[in-house]
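**Q**
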Amino acid sequence: MNANVNANVDQAELLKFGELAAKWWDRDGPMRPLHDINPARLEWIERLTALAGRQVLDVGCGGGVLTEAMAQKGAAVLGIDLADKPLKVARLHALDSNARVEYRECAAESLAAERPASFDVVTCMEMLEHVPDPAQTVQACASLTRPGGWVFFSTINRNLKAFALAIVGAEYVLKLLPRGTHEYEKFLKPSELSKYARAAGLDVREVIGMQYNPFTKIATLGRDTDVNYLMACRKP
Numbered sequence: 009m010n011a012n013v014n015a016n017v018d019q020a021e022l023l024k025f026g027e028l029a030a031k032w033w034d035r036d037g038p039m040r041p042l043h044d045i046n047p048a049r050l051e052w053i054e055r056l057t058a059l060a061g062r063q064v065l066d067v068g069c070g071g072g073v074l075t076e077a078m079a080q081k082g083a084a085v086l087g088i089d090l091a092d093k094p095l096k097v098a099r100l101h102a103l104d105s106n107a108r109v110e111y112r113e114c115a116a117e118s119l120a121a122e123r124p125a126s127f128d129v130v131t132c133m134e135m136l137e138h139v140p141d142p143a144q145t146v147q148a149c150a151s152l153t154r155p156g157g158w159v160f161f162s163t164i165n166r167n168l169k170a171f172a173l174a175i176v177g178a179e180y181v182l183k184l185l186p187r188g189t190h191e192y193e194k195f196l197k198p199s200e201l202s203k204y205a206r207a208a209g210l211d212v213r214e215v216i217g218m219q220y221n222p223f224t225k226i227a228t229l230g231r232d233t234d235v236n237y238l239m240a241c242r243k244p
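This note's numbering applies: residue 9 is where the sequence shown begins, and numbers increase by one.
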């Protein structure tokens, strides 16, 4: 099966992240915020479900920051992405770190047709705001999850505060991210993501906000979902 057939992908987004591939694991480089928020994301996932011994899929894995972290918790993790350069970096880093991970260049939709209901946990972090049809990605994630399994999403809310902080502040003022990383019209309100999840047959169990302090470089979780937020869903 061709992994790119009917892929729900924006080629400009693939090129954008491909250009960052070489610096993916540079903790002081342009991907630093991703490394900084990773402990908070991982702790949140583990609060809701154990990872040890589980079959886990990381959709839109990029260079493998979360993928490797989940493997270190004892999960057997498959990371998938359509950007070949970050995947190459992910594979090289896994060889160096001896991480128990596998990587494939394929779309979630293609894998869902190939391996439905195969994973105990599916993560899709910081990806939905980069695809043309997020509802399609949510459906694929649900299809890939076993009954009783968990699906975890994280993305950015769509409102004036999110525009001011996630784009103007992060990309132009503080230069935490390269300019053009995000497009405001692709941001998703929690109500929209919840609707997509329910339409895909998932139960929304938790929505929680994530705040990132650019000065302390620490991410914390809380009630404020105005900008970054995470959503935990379970498949009945």
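Positions of the beta carbon are idealized from the N, C-alpha and C atoms, including for glycine.
Leaving out five residues before and five after Leu185 in sequence, what residues of the same chain have Cβ atoms less than 8 Å from its Cβ?
**A** Translated into positions along the sequence shown, residue 185 becomes position 177. Closer than 8 Å at the Cβ level, and outside the excluded window around Leu185, lie Pro38, Pro41, Ala178, Glu179.
**Q** Starting from the Cα of Asp128, find the closest Cα among Thr233, Trp158, Ala20 and give me that residue.
**A** Here residue 128 is taken as the residue at index 120 of the sequence shown, counted from 1. Here the closest residue by C-alpha is Trp158.
**Q** Does Thr224 pass the burial test, meaning 16 or more other C-beta atoms within 10 Å, or should it be called exposed?
**A** Taking the sequence shown and counting its residues from 1, the one referred to as residue 224 is at position 216. Exposed, since its Cβ has fewer than 16 Cβ neighbours within 10 Å.
**Q** What residues in its chain sit with their C-beta under 6 Å from that of Glu214, if we drop five residues either side in the sequence?
**A** The residue given as residue 214 occupies position 206 in the sequence shown. If we look at Glu214 and ignore the five residues flanking it on each side, its Cβ neighbours are Ala240.
**Q** What runs of the alpha helix (DSSP H), each 4 residues or longer, lie entirely inside the segment 166-217?
**A** Listed in chain order, the complete alpha helix (DSSP H) runs (minimum 4 residues) inside the segment 166-217 are 198-207.
**Q** Considering only residues of the same chain and omitting the five flanking positions on each side of Pro198, which have a CB-CB separation below 8 Å?
**A** On the sequence shown, residue 198 is found 190 positions in, with the first residue counted as 1. Closer than 8 Å at Cβ, skipping near neighbours: Asn165, Val215, Thr233, Tyr237, Met239.
**Q** To the nearest angstrom, how far is the alpha carbon of Asp141 from that of Thr75?
**A** Taking the first residue of the sequence shown as 1, we reach residue 141 at position 133. Taking the first residue of the sequence shown as 1, we reach residue 75 at position 67. So the two alpha carbons sit approximately 23 Å from each other.
**Q** Name the two residues that bound the continuous beta strand (DSSP E) containing Arg242.
**A** The count along the sequence shown starts at 1 and reaches residue 242 at position 234. 236-242 is the span of the beta strand (DSSP E), which, as asked, contains Arg242.
**Q** Is Trp32 near the ligand COA, with its Cβ less than 6 Å from a heavy atom?
**A** Of ligands this structure carries none, so the ligand COA is not represented either.
**Q** Leaving out the 5 sequence neighbours to the left and right, which residues in its chain are closer than 7 Å to Asn46 when beta-carbon positions are compared?
**A** Working through the sequence shown from its first residue, we reach residue 46 at position 38. Excluding positions up to five away in sequence, the list reads Val73, Leu74, Ala77.
**Q** Unbroken beta strand (DSSP E) runs of length 3 or more, entirely within the segment 76-149: which are they?
**A** 84-89, 109-113, 127-133
**Q** Can you say whether Lys169 is buried or exposed, counting buried as having 16 or more other CB atoms within 10 angstroms of its CB?
**A** Indexing the sequence shown from 1 puts residue 169 at position 161. Lys169 is exposed by the Cβ-count criterion.
**Q** Mind checking which residues open and close the beta strand (DSSP E) that includes Leu65?
**A** If you number the sequence shown from 1, residue 65 lands on position 57. That run of the beta strand (DSSP E) goes 63-67.
**Q** With respect to the alpha helix (DSSP H) encompassing Phe25, which residues constitute its N-terminal and C-terminal limits?
**A** Here residue 25 refers to the residue found at position 17 when the sequence shown is read from its first residue. Counting along the chain, the alpha helix (DSSP H) containing Phe25 begins and ends at 19-26.
**Q** Determine the direct distance from the alpha carbon of Ala15 to that of Ser118, and round the result to whole angstroms.
**A** Translated into the one-based positions of the sequence shown, residue 118 becomes position 110. Translated into the one-based positions of the sequence shown, residue 15 becomes position 7. Going by the C-alpha atoms only, they are around 8 Å apart.
**Q** Counting Cβ pairs closer than 8 Å, one from the segment 121-137 and one from the segment 91-109, do we hit at least three?
**A** no
**Q** Are Leu65 and Leu152 closer than 7 Å when you measure CB to CB?
**A** Residue numbering aside, residue 65 sits at position 57 when the sequence shown is read from its first letter. Residue numbering aside, residue 152 sits at position 144 when the sequence shown is read from its first letter. Going by C-beta atoms, Leu65 is nearer than 7 Å to Leu152.
**Q** Take Leu173 and list the residues in its own chain whose beta-carbon comes closer than 7 Å to its own, dropping the five residues that flank it on each side.
**A** Stepping through the sequence shown from its first residue, residue 173 is reached at position 165. Answer for Leu173: Val235, listed in chain order.
**Q** Quick check on Ile226: buried or exposed, where buried means 16 or more other Cβ atoms within 10 Å of its Cβ?
**A** On the sequence shown, position 218 is the one that residue 226 refers to. Exposed, since its Cβ has fewer than 16 Cβ neighbours within 10 Å.
**Q** Would you call the CB atoms of Gln144 and Ala208 closer than 7 Å?
**A** By one-based count along the sequence shown, residue 144 stands at place 136. By one-based count along the sequence shown, residue 208 stands at place 200. Cβ distance not < 7 Å, so Gln144 and Ala208 don't count as in contact.
**Q** If you reduce the DSSP assignment to three classes, tell me which class Arg154 lands in.
**A** Counted from its first residue, the sequence shown places residue 154 at position 146. In the structure shown, Arg154 sits in a strand (DSSP, three-state: E or B).
**Q** Could you give the first and the last residue of the continuous alpha helix (DSSP H) run that contains Ala48?
**A** In the sequence shown, residue 48 corresponds to position 40, counting from 1. 40-56 is the extent of the alpha helix (DSSP H) around Ala48.
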